[in-house]
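Below is one structure, written out as structure tokens; the observations come after it.
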Amino acid sequence: MVIEEVNFMQNHLEIEKTCRESAEALATKLNKENKTLKRISMLYMAKLGPDVITEEINIDDDDPATDTDGAVETCVSVQCQKQIKELRDQIVSVQEEKKVLAIELENLKSKLVEAMEEVNKVKQEKAALNSEVLEQRKVLEKCNRVSMLAVEEYEELQVNLELEKDLRKKAESFAQEMFIEQNKLKRQSQLLLQSSLPDQQLLKALDENSKLIQQLEEERIQHQQKVKELEEKLENEALHKEIHNLRQQLELLEEDKKELEQKYQSSEEKARNLKHSVDELQKRVNQSENSVPPPPPPPPPLPPPPPNPIRSLMSMIRKRSHPSGSSAKKEKATQPETAEEVTDLKRQAVEEMMDRIKRGVHLRPVNQTARPKVKPDSLKGSESAVDELKGILPQQYHLVCSQGHSLSRRPHNSLAPRGFVLSSSRLLSEDTLPRPPSKGGYRRQCVGSEKQAEPVVVLDPVSTHEPQTKDQAAEKDPTQCKEEGGEVQPEDKEDSRGKAGETDSSSC
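Every letter in the sequence shown is one number past the one before it in the UniProt record's numbering, and letter 176, counting from 1, is 176.
In structure tokens, the structure reads:
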């Protein structure tokens, strides 16, 4: 709008300039012609005489009129000059504005060119992303088709396998029954041919023989069935391995699918961002072209998530695999239940014993006011008892050492564990050390010595008897280790020593 007005003003000024110049040229020409005509007329009047004076006067009267006309023309020219100056100033200001507007127009043109280049780049990137998205969709469609075909083939193979198993079992049972009947008939015919006149005893013997033969055949059939079941289990294990491999492959395919979905989502987000940026750039261009910007378009809705056929395939395989594997798991679980129960009971007993050893016996609290004072005679008696125990304990220590050597030569099913031998020797060595006396110290020392002497009685080789199994020995002695070859491992020895140390702390 401003440029059009400037152009209109420039055209109007040029037209006025041309008109003014042409008017000035015409005025100058007319003035010159008038002056020449006046001079010519004066010459003619001088030649003509006085009769023509009146005419000269009239001419003189006309001269001031012409002079006034010239003054008016000069006045008009001054005003025109003022207007011309004003118009020139306006032209200069308009030209400066025109230059500024031309610079701004060039800047806008350069920005528009840059924006168009960016839009073209964004369009190229969008086209590349769309091509990638199409390729990924094609790959996903191929994966879906392959998975559906694999599921159909797997179902057909399962149906055929079940039919073949049923037919095989029926044929085997029928063949075995026919074979048993054939053998019975052969044997009866042979016996009848051998003895044409059999007695009742022979008939009874034949009946018993036939019954025994039937039992043997039934047992043989059962044995064969068990063998076949075991073979089927082995085949099922092979099938389970194949199913496991297929599941691993499916998991890998799921991971690949997740990666592709993530890439797809990222590409869609990029496309959305690029669309948003393109819209913003277009808005800017429109804002540069038009003063009033249009309202922004709403964002596109999110696409629905694609279906996941691999998860459905996995669920179908799991449904099919669970019923076949549940029967085998039940049969396997019934066998180790008894052994697990026994081991759990043993572990519970051992843990209870260890907790009791660690925690010790909890005594009831007694008021110190009601406690009677200890007499010196009782202290002397306790000291004498301690001395007697110190004299007895070294003898027991030598006995324990001798028993330890004898126990190391015994077989592994004996009751006497080596961990108790080491712990008892350690206890004896700790008891022989002197301890500082305290209030009730002698009394506690006596109780501790009595408690420490208890495992020595258990380790007596005369009183111990050998159990029939290792489980009984483990129930009676929780520190005994279950080993093969009848040798104690070093880790078990260290555990027994740690347990003995805990018994020392609990007894004290």
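Ideal Cβ positions, reconstructed from N, Cα and C, are used throughout, including at glycine.
Whole-number beta carbon distance between residue j and residue i, since they are thought to touch under 8 Å
{"i": "residue 271", "j": "residue 121", "result": "The pair is not a contact, with the Cβ atoms about 14 Å apart (cut-off 8 Å)."}
{"i": "residue 3", "j": "residue 112", "result": "Their Cβ separation, rounded to whole angstroms, is 16 Å, which puts residue 3 and residue 112 out of contact at 8 Å."}
{"i": "residue 267", "j": "residue 133", "result": "6 Å"}
{"i": "residue 118", "j": "residue 252", "result": "Not quite, the Cβ-Cβ distance comes to about 41 Å (not below 8 Å), so this is no contact."}
{"i": "residue 158", "j": "residue 264", "result": "34 Å between Cβ atoms; not a contact."}
{"i": "residue 13", "j": "residue 87", "result": "6 Å"}
{"i": "residue 180", "j": "residue 217", "result": "5 Å"}
{"i": "residue 20", "j": "residue 80", "result": "7 Å"}
Nearest neighbour of residue i, chosen from the options [CA to CA]
{"i": "residue 148", "options": "250, 183, 228, 190", "result": "250"}
{"i": "residue 254", "options": "144, 165, 84", "result": "144"}
{"i": "residue 259", "options": "139, 158, 178, 352", "result": "139"}
{"i": "residue 224", "options": "173, 141, 20, 97", "result": "173"}
{"i": "residue 207", "options": "219, 88, 82, 188", "result": "188"}
{"i": "residue 11", "options": "94, 25, 30", "result": "94"}
{"i": "residue 129", "options": "345, 274, 355", "result": "274"}
{"i": "residue 114", "options": "278, 358, 247", "result": "278"}
{"i": "residue 165", "options": "284, 233, 242, 79", "result": "233"}
{"i": "residue 209", "options": "228, 184, 226", "result": "184"}
{"i": "residue 257", "options": "89, 142, 344", "result": "142"}
{"i": "residue 182", "options": "168, 213, 357", "result": "213"}
{"i": "residue 83", "options": "17, 99, 32", "result": "17"}
{"i": "residue 123", "options": "276, 344, 353, 241", "result": "276"}
{"i": "residue 116", "options": "353, 284, 348, 344", "result": "284"}
{"i": "residue 169", "options": "228, 43, 103", "result": "228"}
Residue i, DSSP secondary structure in three states
{"i": "residue 31", "result": "helix"}
{"i": "residue 290", "result": "coil"}
{"i": "residue 223", "result": "helix"}
{"i": "residue 14", "result": "helix"}
Beta-carbon proximity list for residue i, same chain, < 7 Å, skipping 5 on both sides
{"i": "residue 108", "result": "288"}
{"i": "residue 231", "result": "none"}
{"i": "residue 193", "result": "none"}
{"i": "residue 91", "result": "13"}
Own chain partners of residue i with C-beta closer than 6 Å, once the 5 adjacent residues on each side are dropped
{"i": "residue 176", "result": "221"}
{"i": "residue 211", "result": "none"}
{"i": "residue 236", "result": "none"}
{"i": "residue 47", "result": "none"}
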